[in-house]
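Have a look at the structure below, then the notes.
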Amino acid sequence: MKIIVTIAVRMKSARLPNKAVVEICGKPLISHLIERVRCAKKPDAVVLCTSHLPEDAVLIQEALKSGIPFLAGSPEDVFQRFMDAATQYNADHVVRVTGDNPLTDPEYIDRLVQKHLAENNEYTMVDYLPLGAASEVISIKAIARARDELKDRSQSEYMPLYLNKPKKYKVGVFTADDSVNRPHYRLTVDTPSDLELIRIIYKELYRPGKIFSLEETVAFLDANLELLDINNQIEQKYAFLWKGISCNKGKGVKNNEIKHTK
């Protein structure tokens, strides 16, 4: 049973162009993300999944610099990209990671993989982590089934919308530990304000050759709550996809409007 981490990433971004390669502590964002997810012990490999478009060639170069394999596939159909990566690298399951989350937590990747395999799940996720820290584990068979039902391939990047359906798939969920249970903390990078906060966190906690933990990140923000004001007005599209988060379904919501409903 082979599991690979698939990093879905493109240079295209409406609110923060080229965000995947913006500089954070002297390195591109995507390089930090690769460094973090490679620390997960359960997956067999990390694969960067981008498109075949010329604009995304810089991401392939980053994969090569980091020493990880890559897949250059469909620009819009992320489902197909993941399926192609699984075929190319003979994987049965993928850990879905998105390229705008440089604080993705490797410990929770391992915990997700362990639960996913132990319970023979098709889709496994974690509730109540900060936005941008989580990942999911998905069986390739489930991805193929979901893709067959997908009417608009351009919406395939919102995978949880199609897979977090317990009536259709065997879904596993566990709750984040209390020490990192902060779903209202916004740790993704989609706007200049998001990038400002991430750079502050990295400046405080990052040291070359060392992966700082999610617990350290949360503890730093807990002690400096004013930093959350930097990006808590950002509207997050499709926040309703994550269980444990209450919002106006189908609409963008501001981060300070997201309510913890545990």
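This note's numbering puts the first residue of the sequence shown at 929, with every later residue one more than the last. The beta carbon of each residue, even a glycine, is placed where N, CA and C say it ideally should be.
What do you get for residue i, buried or exposed, if any count of 16 or more other CB atoms within 10 angstroms of its CB means buried?
i       : result
Lys1131 : exposed
Lys947  : buried
Cys977  : buried
Gly1060 : buried
Leu961  : buried
Leu981  : exposed
Gly1027 : buried
Ser1084 : buried
Val933  : buried
Asn1152 : exposed
Asn1048 : exposed
Which residue wins for smallest C-alpha separation from residue i, given the options the options?
i       : options                           : result
Asn1018 : Gln1008, Ile931, Arg938           : Ile931
Ala985  : Ala973, Tyr1134, Leu999, Tyr1051  : Leu999
Met1137 : Pro1120, Glu1163, Cys967, Tyr1051 : The sequence given here has Gly at residue 1137, not Met. If we check each option's Cα against that of Gly1137, Cys967 comes out closest.
Ser1121 : Arg1009, Asn1160, Leu1133         : Asn1160
Per DSSP, which residues does residue i bridge with? Please list them.
i       : result
Phe1102 : Val1054
Arg1024 : Thr934, Glu1064
Phe1140 : DSSP, once it has assigned bridges, lists no residue as partnering Phe1140.
Val974  : Val933
Lys955  : Ile952
Ser979  : Gly1001
Leu1059 : Arg1114
Under the criterion of a Cβ to heavy atom distance below 6 Å, does residue i qualify as lining the ligand FAD?
i       : result
Asp1020 : Annotation note on the ligand FAD: not contained in the displayed structure, which lists no ligands.
Subject >> Inter-stretch contact at 8 Å, needing at least 3 Cβ pairs: the stretch 1053 to 1070 / the stretch 987 to 998 >> reply: no
Original post:
Quick one: complete beta strand (DSSP E) runs, 3+ long, within the stretch 1116 to 1163?
Top reply: none
**OP:** Quick one: which unbroken alpha helix (DSSP H) runs of 4-plus residues sit fully inside the stretch 983 to 1034? Chain order, please.
**Re:** 985 to 994, 1006 to 1016
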